[in-house]
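Peer 1: Before anything else, here's the structure in question.
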Amino acid sequence: MVPLIPSIFLHFIFILALVNGEQDSIYDILKAHGLPMGLLPKGITRFDFDDTGRFVAQLDQACNARFESELHYDRNVSGTLSYGQIGALSGISSQELFLWFPIKGIRVDVPSSGLIYFDVGVIFKQLSLSLFETPRDCTAIRESGDLIRDGKLLAESIEKNSLAKLGYEFDRERFGRKEI
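The sequence shown runs -21 to -1, 1 to 159 under mature numbering (1 follows the signal peptide of the UniProt record, and there is no 0).
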């Protein structure tokens, strides 16, 4: 029979070893949830994952990665993992033509189909699952890239051009009448 004090001490050491043991990487956690590891880029500096499935991944800086289209990753990417999908996703946007759309969720219905779906609000964008097999390098972006992505610079540019055009037409009309 094992004495009580050494037995408690051994259990305490075992539990401490489990708690302080090496935590799985975010890529291992994605894989364990039936998702490809390449959904998040290389360069994750820190991540938190709790037992409700909620995760937060931190990058050292915002960056873009090229797949079939460009994906933008904010410094913080968060969401809720369940098997085969990520819900309540924030921090990832997809570029279509010249517009950026926030990705709200990602799902893999049937892995053998070879397809992955990105929820961009009004539609699901369908891509090949093989594009996301391994984490991609992510190219850092400048701060002005954030302004363009957020549409602020674009909106300001359109506003200035509209006012300039309106002023030009007004001047042309006004001066055109005086010139006969």
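Ideal Cβ positions, reconstructed from N, Cα and C, are used throughout, including at glycine.
State yes or no: is the C-beta of E75 within less than 8 Å of the C-beta of S107?
Peer 2: Along the sequence shown, read from residue 1 onward, the residue named residue 75 stands at position 96. Along the sequence shown, read from residue 1 onward, the residue named residue 107 stands at position 128. It is not a contact, given that the beta carbons lie outside the stated cut-off.
Peer 1: Nearest CA to the CA of V56: which residue from V87, G63, Q40, G100?
Peer 2: Taking the first residue of the sequence shown as 1, we reach residue 56 at position 77. That would be Q40, whose Cα lies nearest to the Cα of V56.
Peer 1: Should Y52 and G70 be called a contact, given that it needs their Cβ atoms to be closer than 8 Å?
Peer 2: In the sequence shown, counting from the first residue as 1, residue 52 sits at position 73. In the sequence shown, counting from the first residue as 1, residue 70 sits at position 91. Going by C-beta atoms, Y52 is nearer than 8 Å to G70.
Peer 1: Would L50 and A44 qualify as a contact pair, given that the criterion is a beta-carbon distance under 8 Å?
Peer 2: Along the sequence shown, one-based indexing puts residue 50 at 71. Along the sequence shown, one-based indexing puts residue 44 at 65. Contact: yes.
Peer 1: Under a three-way DSSP split, which group does S107 fall into?
Peer 2: Working through the sequence shown from its first residue, we reach residue 107 at position 128. Residue state, collapsed to three classes: strand.
Peer 1: Could you have a look at L(-6) and say whether DSSP puts it in helix, strand or coil?
Peer 2: Along the sequence shown, read from residue 1 onward, the residue named residue -6 stands at position 16. Interpretation of L(-6) is limited by its pLDDT of 35, a score under 50 that renders its predicted location unreliable; no figure is taken from the coordinates.
Peer 1: Taking 7 Å as the line, does the beta carbon of V89 fall inside it for any heavy atom of the ligand NAP?
Peer 2: Of ligands this structure carries none, so the ligand NAP is not represented either.
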